[in-house]
Amino acid sequence: MDRDRFWGLVEEARASVDDTVADPDGVADALAKVLGAERAEVIAGFGTELARLLVESYRWDLWAAAYLINSGASEDGFDSFRGWLIAQGREVWDAALADPDSLADVVDEDRPEGFEGFDGEGMLHVGSHAYKNATGDETAYWKAVDAEAPDTPDVPAGEEIDFDDSDELQTHLPRLAALYLEA
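Residue numbering for the sequence shown follows UniProt numbering, beginning at 1 and increasing consecutively.
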């Protein structure tokens, strides 16, 4: 699957969700339905393209943005954040990869009570769920994705950022730091 087709499927799913920022699981649910209408090879291709995007976005600057926005981000938390970011669509994704500080235009610094972070874990599993629903077995999905997808590097790309250093975060992500760091 090429990147344009991948994002076309995401956009089709996003169209049925009122607020994708707050409801990435709604996007994942809609995407599972969209993918469920596709052939198994297309669903596996979606998973491979998703894996490529996750490798491309495995970067210190984007992780620092996730750390600020979510008041912390473990490795799993960063993965889930990138799932949320995919649920925001190609325009937001491309802008965030060009400049993670652009996410200041997307997120709301006023977190409601009970807020658990910008988390799109469901987006990370939508392909395997759709494949299982379509075929009854997700084993072939993982074999196909693993055969085609690049390996995640051991270390994120780019200049390492100390997430516990407020000055460093302000230097790299001034707009997000202004929203999320205590003065």
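Ideal placement from N, C-alpha and C gives every residue a C-beta, glycine not left out.
Length of the line joining the Cα atoms of residue i and residue j
| i | j | result |
| --- | --- | --- |
| M1 | Y131 | 15 Å |
| E138 | V10 | 21 Å |
| Q88 | L173 | 20 Å |
| S166 | L181 | 7 Å |
| G117 | A134 | 31 Å |
| A147 | L176 | 37 Å |
| K143 | A37 | 21 Å |
| Y141 | S80 | 20 Å |
| residue 207 | P100 | What is shown of the chain runs 1 to 183, which leaves residue 207 out entirely. |
| L124 | G72 | 19 Å |
| L53 | R90 | 11 Å |
| W93 | P24 | 14 Å |
| L169 | I161 | 7 Å |
| D76 | G8 | 26 Å |
Beta-carbon proximity of residue i to residue j, cut-off 8 Å
| i | j | result |
| --- | --- | --- |
| A13 | A30 | yes |
| W84 | G136 | no |
| V34 | G26 | no |
| G158 | R59 | yes |
| A28 | G127 | no |
Reduced DSSP secondary structure (H/G/I, E/B, other) of residue i
| i | result |
| --- | --- |
| R59 | strand |
| A157 | strand |
| F81 | helix |
| R5 | helix |
| Q88 | coil |
| A178 | helix |
| V34 | helix |
| F118 | coil |
Contacts around residue i, its chain only, beta-carbon distance under 7 Å, and the 5 residues preceding and following it disregarded
| i | result |
| --- | --- |
| S102 | A95 and A96 |
| S57 | R82 and L97 |
| V145 | A44, G47, T48 and A51 |
| P156 | Y58, R59, W60 and W63 |
| A104 | R175, L176 and L179 |
| R39 | none |
For residue j and residue i, believed in contact at Cβ under 8 Å, the rounded distance
| i | j | result |
| --- | --- | --- |
| F163 | Y67 | 5 Å |
| V106 | V21 | 6 Å |
| H129 | A15 | That belief does not hold up - the Cβ atoms of H129 and A15 are roughly 20 Å apart, past 8 Å. |
Other residues of its chain near residue i: CB distance less than 6 Å, five sequence neighbours each side excluded
| i | result |
| --- | --- |
| V55 | P150 and T152 |
| T171 | none |
Nonlocal neighbours in the same chain, by C-beta distance under 8 Å from residue i, ignoring five residues either side
| i | result |
| --- | --- |
| D108 | V21 |
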